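Below: the structure, in structure tokens.
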Ligand SMILES: Cc1ncc(COP(=O)(O)O)c(C=O)c1O
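Residue numbers (my numbering): 80 to 512.
Structure follows, in structure tokens:
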């Protein structure tokens with residue numbers, strides 16, 4: 080493969096990163112490539128090599144990279160009107176709000192737009208405080224909610240809690256991580272002890288809201304068992320604590336429903352959105368019902384929140400998801416993929432657990448006695464990449480191989496990933512590291 084001259088290449092990018100970026104900005108792989116182009120489920124590097132993308136820019140590119148149906152509308156909008164902010168009236172922001180009111184479940188109807196998932200969660204938390212007149216929050220130990228002061232503190236995952244002066248108004252409870260149950264119990268005999276523990280916390284304090292991802296993404300695709308969110312909501316309602324469902328990573332068809340909380344048949348009070356909402360164009364939003372919305376009347380503005388370009392990108396993305404029935408597709412393909420991963424688990428004891436829903440799947444890699452196989456996970460990721468497949472890694476110990484592809488993949492793509500993963504794991508068994 081010839082390297083196109085205008086690309087500076089991975090070594091120069093790393094050099095510039097080291098010189099000009101804050102060192103917290105890290106990247107995957109010992110031998111990374113420069114990504115220069117995307118097309119639906121594929122990415123291409125500076126040498127022209129094609130990669131089947133099974134991570135989707137961390138659950139963002141649900142409609143596929145550079146999907147022409149989305150790109151066309153963005154280009155048309157950016158050529159016509161890019162930005163005004165909300166002090167002037169524009170149409171895309173209200174069309175998008177109306178669309179979200181129709182596609183989000185139940186009574187969720189009123190949106191506020193911003194530019195990222197962190198901002199969406201920060202805004203949702205403020206709204207909960209305004210509405211309840213209370214100031215504390217409960218979150219989950221393996222949850223991730225953002226990078227701002229408050230959302231970093233709502234985050235439970237130690238890796239992403241950098242704040243040297245943590246806030247004191249937040250309590251983290253164990254998640255429904257059945258593979259490594261905090262109470263050493265087994266579902267359903269556990270009687271959802273992890274959910275019941277919430278009551279011990281909220282009954283004692285001044286809690287405005289509980290925030291949770293319906294499936295914890297960065298936590299390692301931790302997927303609560305049936306009945307978990309129903310019980311959580313009952314407890315919250317009893318103590319008048321709001322439920323914020325963080326759908327930043329799970330939303331827009333990813334798990335086989337438009338929103339993952341729909342699997343639990345529970346109505347959140349506030350839902351937060353970002354990532355796949357505009358298929359890679361920066362956007363965030365929180366949405367709530369009429370009653371809760373009416374508590375936020377003082378001026379609130381986000382300069383680029385809901386600007387014509389991101390709102391148009393979101394409308395086009397939702398159109399694609401609906402028109403091509405990508406949620407249904409994620410459900411069918413996800414079931415197929417999960418079955419195949421579970422078959423691999425039978426053959427390779429390094430796969431300790433397979434979990435997730437739709438096309439949000441994880442395979443937790445372990446050694447003897449469930450010791451997290453973090454180095455091995457890195458090795459598998461690197462080998463997959465060398466074979467032209469991109470996957471992710473998540474989990475408290477960074478040992479969960481994670482698959483969140485664009486929802487436009489095919490069954491053949493899944494077969495390819497499974498075959499190559501099988502070969503890599505077999506190789507590792509033949510030549511232990
Ligand atoms: C569940 C969840 N919430 C919030 C965020 C923060 O979103 P952003 O990076 O857009 O601020 C993330 C980011 O990965 C996330 O996965």
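All residues carry an ideal CB built from backbone N, CA and C; glycine is no exception.
Note that the structure is a prediction, hence the values are computed from the model and not measured.
About 12 Å separates the beta carbons of residue 236 and residue 225, which is beyond the 8 Å limit, so they are not a contact pair. Just measuring C-alpha positions, the residue of 460, 159, 469 sitting nearest residue 135 is 469.
The criterion of a C-beta distance shorter than 7 Å is not satisfied by residue 189 and residue 391.
In the DSSP secondary-structure assignment, residue 451 is bridged to 445.
Counting only runs of 4 or more residues that sit fully inside the segment 401-450, the alpha helix (DSSP H) segments are 405-426, in chain order. Residue 238 is classed as exposed because its beta carbon has fewer than 16 other beta carbons within 10 Å across all chains shown.
Of the candidates 377, 340, 317, the residue whose Cα lies closest to the Cα of residue 306 is 340. Per DSSP, residue 491 is one residue of the alpha helix (DSSP H) stretching across 490-509. For residue 255, no beta strand (DSSP E) encloses it, and the DSSP letter there is neither H nor E.
Relative to ligand 1, the nearest heavy atom lies less than 6 Å away from the CB of residue 225.
In this structure, residue 233 sits away from residue 157, with a CB-CB distance that is not shorter than 7 Å. Counted as a single uninterrupted DSSP element, the alpha helix (DSSP H) harbouring residue 154 occupies residues 147-159. A straight line joining the alpha-carbon of residue 98 with that of residue 92 spans about 10 Å. The way I'd put it, the segment 476-486 does touch the segment 432-446; three or more beta-carbon pairs between them come closer than 8 Å. Distance between residue 465 and residue 249, taken at the CA atoms: about 42 Å. Take the alpha-carbon of residue 150 and the one of residue 245: they are about 41 Å apart. Your pair residue 435 and residue 335 does not check out as a contact, with CB atoms roughly 10 Å apart and the cut at 8 Å.
Note that the C-beta distance between residue 213 and residue 324 is not below 7 Å. With contacts defined as CB atoms closer than 7 Å, residue 486 and residue 332 qualify as a contacting pair. Take residue 162, set aside five residues on each side of it, and the residues of its chain with a beta-carbon closer than 6 Å to its own are 386, in chain order. The alpha-carbon of residue 338 is positioned some 11 Å away from that of residue 292.
Residue 474 has its alpha-carbon roughly 17 Å from the corresponding atom of residue 461. Among the bridge pairs identified by DSSP, residue 476 is matched with none.
Here residue 309 has 343, 344, 345 as same chain residues with Cβ atoms under 8 Å from its own Cβ, once five neighbours each way along the sequence are excluded. Within the same chain, and ignoring the five residues on either side of residue 160 in sequence, the residues whose Cβ sits closer than 6 Å to its Cβ are 387. Annotated three-state conformation of residue 218 is strand, per DSSP. The alpha-carbon of residue 321 is positioned some 32 Å away from that of residue 484. Taken through DSSP and simplified to helix, strand or coil, residue 350 comes out as strand.
Residue range 189-193 is occupied by the beta strand (DSSP E) that includes residue 193. For residue 177, the closest C-alpha among the options 204, 110, 393 is that of 393. Residue 359 sits close to residue 140, with the two beta carbons spaced by under 7 Å. In the three-state scheme derived from DSSP, where H, G and I count as helix and E and B as strand, residue 125 is classed as coil. In the three-state DSSP reduction, residue 364 falls in the strand class (E or B). DSSP, reduced to helix, strand and coil, places residue 391 within a helical segment of the structure shown. Within 6 Å of the C-beta of residue 325 there is at least one heavy atom belonging to ligand 1. In the DSSP assignment, no residue is bridged to residue 287.
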